[in-house]
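> In our numbering, the protein residues as written are 1 to 59.
All C-beta atoms, glycine included, are put in the ideal place defined by N, C-alpha and C.
Quick one: the structure is below, questions incoming.
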């Protein structure tokens, strides 16, 4: 390996690490979003049942 290639290799390494980190953040954000939306949907359905007078659903 030539000395002139070192900065280029370092740049590609940094880019690869940043892309991996971005992918991990995106996957975690997607998972958190799905969990929050699932919980909100459940709460909304339960609240609508209560509003209609159905108090038989477990909390």
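#1: Just reading off the alpha helix (DSSP H) that residue 51 is part of, what are its end residues?
#2: State the Cα-Cα distance for the pair residue 26 and residue 41, rounded to the nearest angstrom.
#3: Taking only the alpha-carbon atoms, compute the straight-line gap between residue 28 and residue 14 and give it to the nearest angstrom.
So, to answer that:
#1: 6–51
#2: 22 Å
#3: 21 Å
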